[in-house]
Amino acid sequence: MLFDILTIFPEFFHSPLEVSILRRGLEKGAFEVRLWDIRDFATDKHKTTDDRPFGGGEGMVMKIEPIYRCLEHIQPLGPSPFRILLSPRGEILDQELCQALSKKDRIVLICGRYEGVDERVAQHLVDLELSIGDYVLSGGEVAALVVMDAVVRLLPGVLGCSQSPVKESFSTGLLEHPQYTRPREFMGWGVPEVLLSGDHRKIALWRRKKALEITMRRRPDLLEKAPLTDEDLEILKGLRDGTNNP
Ligand code: ADE
10 MLFDILTIFP EFFHSPLEVS ILRRGLEKGA FEVRLWDIRD FATDKHKTTD DRPFGGGEGM
70 VMKIEPIYRC LEHIQPLGPS PFRILLSPRG EILDQELCQA LSKKDRIVLI CGRYEGVDER
130 VAQHLVDLEL SIGDYVLSGG EVAALVVMDA VVRLLPGVLG CSQSPVKESF STGLLEHPQY
190 TRPREFMGWG VPEVLLSGDH RKIALWRRKK ALEITMRRRP DLLEKAPLTD EDLEILKGLR
250 DGTNNP
């Protein structure tokens, strides 16, 4: 998979790409990142990438021409790209969308600054406006990193254990059950006995109950979309009326 990132701060991406999953994915050749400085595509001698808003008002707006010129330049440099503008007004990223994005051959991420990007970029130059949540960042760079991290870890061979993206939070439609590791006791805080029992059937049932319980309490909205079995519905009923206490 190929990512092209359009930004006025390419250096923002240097160290995140040098650590952890992103680094591993790059080293394994699972994906490639190219950073494009939008400033290089400005035509005036001051390399202007923003200007005052028509109609007046505070702040500056990112201009369309340098973004257009950059997109034109990179278009032939790989397979047909899926173009995304990061913006707090976009569709909200979730695991399902990450899965869909992980199937693309090439993704272009355009990082806007928070004050705004000329609307014609969203209207004419991209396939999707994407937000990473209901808050305003100072620019799309952090959001682009979030998208890349969440997508790249779904690519085959990037994570150490190929199973892990399947069971984790959201992939099952539920929040994940709690996890513990050694020591068995710390500061007097123990771990649930069942996890030490070696009884895999019991452990699986406990984990499912905990996942259902935690999702019911924290994110009941997820239960509406999650694929639930009859047994899950029984468990939830028990949790609601207090007869089932995992
Ligand atoms: N740019 C500023 N805020 C953003 C957000 N929440 N998501 C994506 N891009 C942004």
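Converting from the sequence shown to this note's numbering requires adding 9 to each position, the first position being numbered 1.
Glycine residues also receive a C-beta, built at the ideal position from the N, C-alpha and C atoms.
Your pair A51 and L164 does not check out as a contact, with CB atoms roughly 34 Å apart and the cut at 8 Å. For the pair D46 and F21, the Cα-to-Cα distance works out to about 11 Å.
With contacts defined as CB atoms closer than 9 Å, R129 and D59 fail to qualify as a contacting pair. A distance criterion of 8 Å places the beta-carbon of V145 in contact range of the ligand ADE, judged by its closest non-hydrogen atom. Looking at the DSSP output, G148 shares a beta bridge with R122. Contact check for T181 against A220 passes: the beta carbons are separated by less than 9 Å.
Counting only runs of 4+ residues, the alpha helix (DSSP H) found wholly inside the segment 171–205 occupies 173–176, in chain order.
With 16 or more other CB atoms across the displayed protein chains lying within 10 angstroms of its CB, L94 is buried.
Ranked by Cα distance from Q188, the options R216, I14 and M225 are led by R216.
Shown here, S29 sits in a helix according to DSSP, grouped into three states. The three-state secondary structure of P236, taken from DSSP, is coil. For I47, the CB stays at least 8 Å from every heavy atom of the ligand ADE. Judged by pairs of C-beta atoms under 8 Å, the segment 74–88 does not touch the segment 140–158, as fewer than three such pairs exist.
The beta carbon of G142 lies closer than 7 Å to those of I101 in the same chain, with the five residues before and after it left out. When beta bridges are read from the DSSP output, M69 appears opposite no residue.
Contact check for L11 and E41: beta-carbon distance about 5 Å, within the 8 Å limit, so the pair qualifies. DSSP places L95 in the strand class (E or B) of the three-state scheme.
Exclusion of L205 from the 8 Å shell around the ligand ADE follows from its C-beta lying no nearer than that to any non-hydrogen atom of the ligand.
The three-state secondary structure of T52, taken from DSSP, is coil. If you check the CB distance, E185 and I223 come in under 9 Å. The continuous beta strand (DSSP E) containing T16 extends over residues L11 to T16.
A Cβ-Cβ distance of about 7 Å is found for the pair S96 and G149, placing them in contact under the 8 Å criterion.
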